[in-house]
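Undergrad: Residue numbers 50 to 285, in the numbering used here, belong to the letters of the sequence shown in order.
Ideal placement from N, C-alpha and C gives every residue a C-beta, glycine not left out.
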Amino acid sequence: LRITDVRLQPGASLDHRHEYPTLRWQVEEGIERSVLRPAQAIAASVCDAGQESCVAELPPAERVADKRVTWAEAGSGFTVCNAGEGEWRQMCWEFKQRPRRSEAEVHALLSSAIYTTCVGTDLLFENEYCRAWDFYLPPGGGDAGEPHHHVLDYAFVYVAKGRLLGARSTDGAARPGQGMASASRMYFGQARTTTASPGLFDSVNEDGDVSWFDIPDGAGADPAFAHGGVNGYDDL
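(1) Below 7 Å, is the gap between the Cβ of T53 and the nearest heavy atom of the ligand HEM?
(2) For A153, count the other beta carbons within 10 Å of its own beta carbon; 16 or more makes it buried, fewer makes it exposed. Which is it?
(3) Hey, how far is the Cα of D64 from the Cα of T128?
(4) Pull up the distance between the alpha-carbon of V208 and that of W120, whole angstroms please.
(5) Buried or exposed: P272, going by 16 or more other Cβ atoms within 10 Å of its Cβ?
(6) Can you tell me whether DSSP reads F274 as helix, strand or coil?
(7) Run through DSSP, which three-state label would V168 get?
(8) Near A275, which residues of its chain fall below 6 Å by C-beta distance, leaving aside the five closest residues on each side in sequence?
(9) Could you tell me the boundaries of the alpha helix (DSSP H) in which A132 lies?
(10) With DSSP as the reference, label A157 as helix, strand or coil.
(11) Which same chain residues, not among the five before or five after D256, have their C-beta less than 7 Å away from its C-beta?
(12) Specify the secondary structure class of A193 as computed by DSSP and reduced to three states.
(13) For the beta strand (DSSP E) that contains G79, what are its first and last residues?
(14) DSSP has F205 in a bridge; who is on the other side?
(15) Any idea what DSSP makes of A268, helix, strand or coil?
(16) List the residues that DSSP assigns as beta-bridge partners of S62.
(17) Nearest CA to the CA of T166: which residue from L201, F144, R66?
(18) How many Å lie between R66 and A88 at the Cα?
(19) Give me the Cα-Cα distance between T243 and D251, rounded to the nearest whole angstrom.
(20) Have a look at G267 and L107 and give me their C-alpha separation to the nearest angstrom.
(21) Rounded to the nearest angstrom, how far is the Cβ of T71 from that of W142, given a contact under 8 Å?
(22) Out of G269, L285, G277, which one is the CA nearest neighbour of A157?
(23) For A105, name the three-state secondary structure that DSSP assigns.
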């Protein structure tokens with residue numbers, strides 16, 4: 050997996066050919082002129098004549114909603130021009146290998162969880178490569194006592210400054226959150242996570258931070274890989 054933070058200033062443009070299957074996630078509303086060209090159409094694309102010619106052939110500007118998700122197959126082309134007055138931004142998730150589990154295996158893992166596997170607040174997209182969840186909590190919002198369960202490896206991307214307070218369940222038989230500190234993590238950017246006390250975590254992050262979590266087989270039967278969460282900021 051490769052995650053790229055793509056930003057264009059007003060009037061700037063980008064012409065890109067997707068080397069891998071890619072999920073493009075819009076960050077904040079934008080105004081763009083763009084076209085996504087299927088792989089089989091690349092050879093006849095006007096973009097072979099250069100980026101200036103390509104931009105000139107783009108359709109009229111359209112408003113792009115915050116959190117709009119689009120999927121691009123490997124080999125397809127994407128050309129975009131920022132037609133708005135503010136910054137245009139997308140998080141691009143490139144999947145550099147085939148899924149290592151079948152749809153049936155994924156279904157079995159999801160079905161094995163003790164708690165809900167709705168690990169975000171809104172499922173925006175799903176296919177054989179990924180499940181793209183938005184995770185938004187209003188200032189002070191969330192419920193540490195309502196855990197969700199992680200049974201699949203995942204990446205967590207912050208598109209704004211944030212602080213997530215997590216806790217295990219109050220049920221003495223279940224211990225959500227305990228294993229989160231011991232799960233294998235790799236950080237890109239400046240993610241900062243500290244353990245407040247056993248069974249709790251306090252994750253403070255900046256815009257652009259990316260965290261990767263390896264979730265082992267059998268996690269669905271282990272409440273250590275479930276946790277609740279609260280927005281630790283009252284004003285963000």
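TA: Reading it off the structure:
(1) No copy of the ligand HEM appears in this structure; indeed no ligand is present at all.
(2) A153 should be labelled exposed.
(3) Linking D64 to T128 through their CA atoms gives a straight-line distance of about 4 Å.
(4) Rounded to whole angstroms, V208 to W120 spans 19 Å at the Cα level.
(5) Burial call: buried.
(6) Under the three-state reduction of DSSP output, F274 falls in the helix class.
(7) In the structure shown, V168 adopts coil according to DSSP, grouped into three states.
(8) Shown here for A275: same chain residues with a beta carbon closer than 6 Å to its own, the five before and five after excluded, namely Y164, P196, H198, P225 in chain order.
(9) For A132, there is no enclosing alpha helix (DSSP H), as DSSP marks it with neither H nor E.
(10) Residue state, collapsed to three classes: helix.
(11) Counting only Cβ-Cβ distances below 7 Å, and skipping sequence neighbours, we find Y207, V208, A209, K210.
(12) In the structure shown, A193 sits in a strand (DSSP, three-state: E or B).
(13) Boundaries of the beta strand (DSSP E) around G79: 79-86.
(14) Looking at the DSSP assignment, F205 forms a beta bridge with S260.
(15) Correct three-state label for A268: helix.
(16) Beta-bridge partners of S62 (DSSP): C130.
(17) Comparing Cα-Cα distances from T166 to each of L201, F144, R66, the minimum goes to L201.
(18) Their backbone Cα atoms lie some 9 Å apart in a straight line.
(19) Low confidence applies to T243: its pLDDT is 37, below 50, so where it sits in the model is not reliable enough to give any reading.
(20) Looking at the two C-alpha atoms, the distance is approximately 49 Å.
(21) 7 Å between Cβ atoms; contact.
(22) Cα-wise, what sits closest to A157 is G269.
(23) The three-state reading of DSSP puts A105 in helix, counting H, G and I together.
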